[in-house]
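Here the structure comes first, spelled out in structure tokens, and everything after it is commentary.
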Amino acid sequence: MRTKLLAIFLLIILPLLMLSCEENARVKTQEYYDLFNTVSTVQSYLGDTDEEFDENCDTVYTTLSEYHKLFDIYYEYAGINNLATVNRLAGRESVEVSPLLIDFLLYAKDIYSLTDGKTNIAIGAVTKLWHGEREAAEDGGEGKLPDSKLLAEAARHTSIDDVIIDKASCTVFLRDPEMSLDVGAIGKGYAAEMAKRELEQLGISSYVLNIGGNICAIGEKPSGEGWRTSVRNPHGNGYVASVVISNTSCVTSGDYERYYTVEGVRYHHIIDPETLYPAEYFSSVTVFTENSALADALSTALFCMPYSEGEKLISSLDGVEVLWITPSGEQFMTEGVSKLKSE
Ligand code: ADP
Ligand code: MG
-10 MRTKLLAIFL LIILPLLMLS CEENARVKTQ EYYDLFNTVS TVQSYLGDTD EEFDENCDTV
50 YTTLSEYHKL FDIYYEYAGI NNLATVNRLA GRESVEVSPL LIDFLLYAKD IYSLTDGKTN
110 IAIGAVTKLW HGEREAAEDG GEGKLPDSKL LAEAARHTSI DDVIIDKASC TVFLRDPEMS
170 LDVGAIGKGY AAEMAKRELE QLGISSYVLN IGGNICAIGE KPSGEGWRTS VRNPHGNGYV
230 ASVVISNTSC VTSGDYERYY TVEGVRYHHI IDPETLYPAE YFSSVTVFTE NSALADALST
290 ALFCMPYSEG EKLISSLDGV EVLWITPSGE QFMTEGVSKL KSE
């Protein structure tokens, strides 16, 4: 009897195991460590040859590294004007930049309007003060708070209207000499979206891009299934939810990602433009939507507003699903997330 049961069990399980082994054998992975100060991964489930995969990775890498350079606010690169150039010449000169950067800046302005100023790339003067103190503290360790007067003074130089864009001449001018741009809240998602579109134009799908945790699922697996992706528990090890996605991006803003401590209290890197201090509504906000740039921009914005406001914003948009986790561990989610979670 036992042998018979074992035989039946093996008959059912073995093909499944073989299937998943076969699928795993077909999955190709390439990692990059020199983009956006994080780890980026390209995965193919398409079953393409090594040569095809290498070519597709080159396409992705070329796009990502172009945006990496354009968005860099710390270094300038020979032959191009980037955001570091734009910031350096604030109040002084209008800077000619790549049309790619102009399109991005226009998008970021739209995001400012959409999020009622919660995701504001002109917040650089404020985030710079927090960044300075976080860097001074050792790796998540003890440090000090930025001076509150300096924060208030910096906040006077964060007007998005002072980012003057001329699309026809491809120039950008920061009208306020004290202002600076910081695109950390949108940059990775936007770059991933652009890389995705490059692949799509080549007719490629069944790929997953992961730019430092910003996941961009292009199409679905050849089997027609989606990819299971998990949302980290912001308060400990493991995961709080796992959903299956296809043709969707998934981006989390969390208070556990980058932080330091002052007198035992944690201060993270997402700044509420109203208080000028790290936002306290949530421990993490995860956004699922097709456009990776929107997912990134919204995750930061929703992190900086109470649930009621965020819920209102989301219900005005199509195809956006969200999982909010509060500091006490309470979860709020849109209908789509609860449906996907239970599948
Ligand atoms: P992560 O960078 O961890 O993916 P986010 O997408 O939420 O997380 O972006 C946070 C980054 O965006 C910060 O490190 C900072 O550079 C910048 N930033 C912080 N607060 C804001 C804000 N309110 N608006 C725009 N940018 C912000
Ligand atoms: Mg973001």
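Residues in the sequence shown are numbered from -10 upward in steps of one, following my numbering. The beta carbon of each residue, even a glycine, is placed where N, CA and C say it ideally should be.
- In this structure, Gly80 sits near Pro166, with a CB-CB distance shorter than 8 Å.
- Remark: C-beta atoms of Ser148 and Ala111 approach each other more closely than 8 Å.
- Of all C-beta pairs linking the region 253 to 265 to the region 202 to 221, fewer than three are shorter than 8 Å, placing the two stretches out of contact.
- Proximity of the region 202 to 213 to the region 307 to 317 falls short of the contact definition, fewer than three beta-carbon pairs being nearer than 8 Å.
- DSSP places Ile314 in the uninterrupted beta strand (DSSP E) bounded by Glu310 to Ile314.
- A contact is defined here as three or more CB-CB pairs under 8 Å, and the region 137 to 156 meets this definition with respect to the region 96 to 116.
- For Val240, the CB falls within less than 7 Å of some heavy atom of the ligand MG.
- By the Cβ test, the region 151 to 160 is not in contact with the region 175 to 185, since fewer than three Cβ pairs between them sit closer than 8 Å.
- For Asp171, the number of other beta carbons within 10 angstroms of its own is at least 16, and it is reported as buried.
- Check the Cα spacing between Arg247 and each of Gly176, Met294 and Pro267: the tightest is with Pro267.
- Look at the beta carbons and you see the region 267 to 283 touching the region 316 to 331: at least three pairs across the two are nearer than 8 Å.
- Checking the 7 Å criterion, the Cβ of Glu124 is out of range of every heavy atom belonging to the ligand ADP.
- In this chain, the alpha helix (DSSP H) harbouring His120 covers Gly113 to Ala125.
- Here the C-alpha atom of Ser83 lies approximately 21 Å from the C-alpha atom of Glu55.
- For the 8 Å CB-CB criterion, Thr48 and Leu198 do not form a contact.
- In terms of CA proximity to Phe93, Thr160 leads the group Ser33, Ser235, Ser212 and Thr160.
- Ranking Gly68, Thr104 and Cys46 by CA distance to the CA of Lys301 puts Thr104 first.
- The C-beta separation of Tyr96 from Ala282 comes to about 7 Å, placing the pair in contact by the 8 Å criterion.
- When C-alpha distances from Asp128 are compared across Arg255, Val326 and Ser102, the shortest belongs to Arg255.
- With a beta-carbon spacing of about 7 Å, Ala174 and Ala286 fall inside the 8 Å limit used to define contacts.
- For Pro211, same chain residues with a beta-carbon under 6 Å away, outside a window of 5 residues either side, are Ser195 in chain order.
- When the alpha-carbon of Lys107 is set against those of Ser288, Lys330, Ser327 and Gly325, the nearest one is in Ser288.
- Boundaries for Tyr21: no alpha helix (DSSP H) harbours it, while the beta strand (DSSP E) harbouring it runs Lys17 to Leu24, taken from the DSSP string.
- In its chain, beyond the 5 residues on either side, Tyr270 have a beta carbon closer than 6 Å to the beta carbon of Pro295.
- The Cβ neighbour count for Thr52, taken over all protein chains shown within 10 Å, is at least 16; the residue is labelled buried.
- In terms of CA proximity to Tyr50, Gln19 leads the group Gln19, Asp61 and Asn26.
- If you check the C-beta of Ser281 against the ligand MG, you find no heavy atom less than 7 Å away.
- Counting only unbroken stretches of 3 or more residues, the beta strand (DSSP E) elements lying wholly within the region 18 to 97 are 27 to 33, in sequence order.
- Where Ile303 is concerned, the enclosing alpha helix (DSSP H) starts and stops at Tyr296 to Ser304.
- With contacts defined as CB atoms closer than 8 Å, Ser242 and Ala284 fail to qualify as a contacting pair.
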